[in-house]
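Here is the structure we will look at.
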Amino acid sequence: MHQYFHTQFGFCLWDLGALAALAAMIVVLAVHVAKQKKRQRDFEDELSEQESQKIRK
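This is how it looks when you write it as structure tokens:
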């Protein structure tokens, strides 16, 4: 049965776990990148606000 399943679909059960882990890693990476971009924008906004206040003084 195992040999039939392996050759019929072209992958084994370990491949399913690896595929799930890869999908999870891609999702985590995408979330991390999105959060990092938001932190970067917030930091740049705060920095420009501080610079504009510094110029006014």
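The opening residue of the sequence shown carries number 0 in numbering that gives the first Met the number 0; numbering runs sequentially from there. In this text, a Cβ means the ideal position worked out from N, Cα and C, and glycines have one as well. Note that the coordinates shown come from a computational prediction; the quantities given were computed from them, not determined experimentally.
| Query | Result |
| --- | --- |
| Boundaries of the alpha helix (DSSP H) in which Gly-9 is found, first to last residue | Per DSSP, Gly-9 belongs to no alpha helix (DSSP H) and is neither H nor E. |
| Per-residue burial, Ile-54 [other beta carbons within 10 Å of its own, 16 or more giving buried] | exposed |
| Same chain only: Cβ atoms within 6 Å of Arg-40, ignoring 5 sequence neighbours per side | none |
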